[in-house]
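First to last, the protein sequences are chains A and B.
Note that the numbering used here has the first sequence beginning at 173, numbered continuously upward.
Note that the numbering used here has the second sequence beginning at 173, numbered continuously upward.
All C-beta atoms, glycine included, are put in the ideal place defined by N, C-alpha and C.
Number of protein chains: 2
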Amino acid sequence: MNELITLAHGSGGGAMQQLIQDVFIQSFSNTELDKLEDQARISLPALQLAGNRLAFSTDSYVIDPIFFPGGDIGKIAVCGTANDVAMSGARPEYLSCGFILEEGLPIAVLKQVVQSMADTAAQIGIKIVTGDTKVVPKGAVDKLFINTSGLGVIPQGIDYGADKIQPGDQVIVSGTIGDHGATILNLREKLGIEGNLSSDCQHLYPVVAALKNIQGVRALRDATRGGVNAVLHEFCSSSGCGITVSESQLPISSQVRGICELLGLDPINFANEGKLIAVVTKEDAEDALAAMRITAEGENAAIIGEVNDQRRVTLSGLFGGTRRLDLPSFEPLPRIC
Amino acid sequence: MNELITLAHGSGGGAMQQLIQDVFIQSFSNTELDKLEDQARISLPALQLAGNRLAFSTDSYVIDPIFFPGGDIGKIAVCGTANDVAMSGARPEYLSCGFILEEGLPIAVLKQVVQSMADTAAQIGIKIVTGDTKVVPKGAVDKLFINTSGLGVIPQGIDYGADKIQPGDQVIVSGTIGDHGATILNLREKLGIEGNLSSDCQHLYPVVAALKNIQGVRALRDATRGGVNAVLHEFCSSSGCGITVSESQLPISSQVRGICELLGLDPINFANEGKLIAVVTKEDAEDALAAMRITAEGENAAIIGEVNDQRRVTLSGLFGGTRRLDLPSFEPLPRIC
């Protein structure tokens, strides 16, 4: 199998039909997709049982390299969008999938990515129900990009939102920070750090489900590009509050800490692909923490800070000092997801 | 305004927040999008009134050049996905939007594309409710690619499907064929043909709505990449039937006919961006044709052929002869949409 993707695979003609059958249907097969109509048709009554609002999200994935320790572009494309849906409280149920392929891409590479998507989707219990494939001439795109859009239903009574955050609320992270960013940095910059460095790419719905019955949850957001720091800034901006984070409480693996010290970088700015930030009322924070820690995906959860009325993000350091955390104005690592 | 897109615009940090506010919110603003959560939250009760199945579709847009007579990549990105949703019988209601931008793209170009999307969406009555932006280093993508995914509700009692097509059914096209493909070919190959050559990029829901009360409609599909010919082959493949098309009945503008004669190409293989094929029972075909012709988008609709039991696509020529139509095995025009 040394076959390569050709422009004919994106033409709408016979080669494309063959590719759809041999690669996509082969891996993704389900009732909705197999109809091969231009749109999936999803039964609404099944959705209505669960609640009354639909969560709808989209992300494009352009990560380089496409395979890395802990995942690949396909796994990220499924988990990333599923996680964006899940942050509303919804269980992710359906995904669309759009591929942009570079002419000359080995079909074996595409199959490996597609199978990874199928395996991840099956594990999460999500169906890939509609798709699209474009092929562009060599040089017009780097290897392959994937867009996924996701759907789920928000359970009745749940209405998380960054605008609901109030002073006194506690800030919880669901596990170690910076793993994904450090892994990609190590690969791309050829730092050559060996050992257990691995992306945290994973679905987060189990953590969200664990929080479902805790009344005091105000807001959830997964910390991807821009790291935990970006989410803290978004929360402050939406709520008009401030957040102080305690440096000593941040869960960081020794490998990630090592890379950061080597390069003088801050893991709070590093991308994650399987961590969320929860803001919870002071009364319910310990319950929320305990619920998160019961899940495999949230076993290293920690309370890392508190909301205040200062309208800025502050880091209280190991030796008692505090400093204002700004958002980095430049891009340390493009194509991180 | 000579500002250019930088990698920082895709970093998740301050520059990205600024871009989202200044460009996307500025043009797309609506209740769902303005919340700036990672997912749009769509009220299901509003959807439930209309029916019981959701139509969900996705497409990526990679067209080159990004501006052309009759449209641009933004207009196509809205109409194309809206049309895929509409082919189920659903009125397209919500879109997601994912941008992949090349470092160095002028922000003015992005704004022009985004405004075109906003204008088209407003005209169609569709809301762009969630989005994503990635920036990749210069050379990793050509200018900008857009993915849109769309949602709508299929009215109760409507269940179009290519598998429902039967011998004797009539094949109707909603207007002149090949306009989009000929326009892009003329631009890209610098054929220099002047005059009224223009893409047919338009939304098709008005044509679909006109067919809503006609019982005999079996299947609808918009004829994009691969042209009318690709749709005819898909219909034959899904139904196990054959289709004979009459060459003299195909509506073709004189400009498109001229380009095809010049180059020895067949307009039945040319892409469209605003034409659909409807398959309708013999009894209801004239009613369907009349209903389509009342709409501005379907005023040149024509019955072009009939379904048979031959399992192949056949063209009956101007002088009485017939020939089998195969799908082109090579790609005459990459990046057509």
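CB contact check: residue i to chain B, cutoff 8 Å
i: residue 263 (chain A); result: no
i: residue 192 (chain A); result: no
i: residue 398 (chain A); result: yes
i: residue 533 (chain A); result: This structure cannot speak to residue 533 (chain A), because chain A is shown only from 173 to 509.
i: residue 344 (chain A); result: no
i: residue 393 (chain A); result: yes
i: residue 269 (chain A); result: yes
i: residue 243 (chain A); result: no
i: residue 211 (chain A); result: yes
Secondary structure of residue i, DSSP reduced to three states
i: residue 269 (chain A); result: strand
i: residue 182 (chain A); result: helix
i: residue 534 (chain B); result: Given that chain B is displayed from residue 173 to residue 509, the structure contains no residue 534 (chain B) and the question cannot be resolved.
i: residue 240 (chain A); result: strand
i: residue 192 (chain B); result: helix
i: residue 490 (chain B); result: coil
i: residue 176 (chain A); result: strand
i: residue 347 (chain B); result: coil
i: residue 257 (chain A); result: helix
i: residue 518 (chain A); result: Since the first residue shown for chain A is 173 and the last is 509, residue 518 (chain A) is missing from the structure and cannot be characterised.
i: residue 197 (chain B); result: helix
i: residue 279 (chain A); result: helix
i: residue 187 (chain B); result: helix
Bridge-paired residues (DSSP) for residue i
i: residue 317 (chain A); result: A:272
i: residue 212 (chain A); result: B:228
i: residue 264 (chain A); result: A:324
i: residue 474 (chain A); result: A:345
i: residue 507 (chain A); result: Note: residue 507 (chain A) sits in no beta bridge, so no partner.
Cβ distance (whole Å) where residue i is taken to contact residue j below 8 Å
i: residue 457 (chain A); j: residue 344 (chain A); result: 7 Å
i: residue 463 (chain A); j: residue 423 (chain A); result: At roughly 17 Å, the Cβ-Cβ gap does not stay under 8 Å, so residue 463 (chain A) and residue 423 (chain A) are not in contact.
i: residue 448 (chain B); j: residue 395 (chain B); result: 7 Å
i: residue 276 (chain A); j: residue 177 (chain A); result: 7 Å
i: residue 318 (chain B); j: residue 233 (chain B); result: 5 Å
i: residue 411 (chain A); j: residue 498 (chain A); result: Actually they are not in contact, since the Cβ atoms of residue 411 (chain A) and residue 498 (chain A) sit about 18 Å apart, beyond 8 Å.
i: residue 506 (chain B); j: residue 307 (chain A); result: 7 Å
i: residue 269 (chain B); j: residue 445 (chain B); result: With a Cβ gap of about 18 Å, residue 269 (chain B) and residue 445 (chain B) do not count as contacting.
i: residue 211 (chain A); j: residue 256 (chain B); result: 5 Å
Chain A within 8 Å of residue i, Cβ atoms only
i: residue 226 (chain B); result: yes
i: residue 259 (chain B); result: yes
i: residue 175 (chain B); result: no
i: residue 360 (chain B); result: no
i: residue 272 (chain B); result: yes
i: residue 470 (chain B); result: no
i: residue 229 (chain B); result: yes
i: residue 302 (chain B); result: yes
i: residue 447 (chain B); result: no
i: residue 337 (chain B); result: no
i: residue 237 (chain B); result: no
i: residue 306 (chain B); result: yes
i: residue 179 (chain B); result: yes
i: residue 278 (chain B); result: no
i: residue 317 (chain B); result: yes
i: residue 312 (chain B); result: yes
CB contact check: residue i to chain E, cutoff 8 Å
i: residue 215 (chain A); result: Of the protein chains in this structure, namely A and B, none is chain E.
Contact test: residue i Cβ vs the ligand GDP heavy atom, cutoff 7 Å
i: residue 351 (chain A); result: Ligands are entirely absent from the displayed structure, and the ligand GDP is therefore not among its contents.
Within the region 354 to 427 of chain B, ranges of the alpha helix (DSSP H) (whole runs, at least 4 residues): 377 to 383, 399 to 411
3 or more residues per run - each beta strand (DSSP E) lying fully within the region 420 to 470 of chain B: 448 to 452
Every unbroken beta strand (DSSP E) within the region 282 to 340 of chain A, with a cutoff of 3 residues, ordered by chain: 299 to 308, 316 to 327
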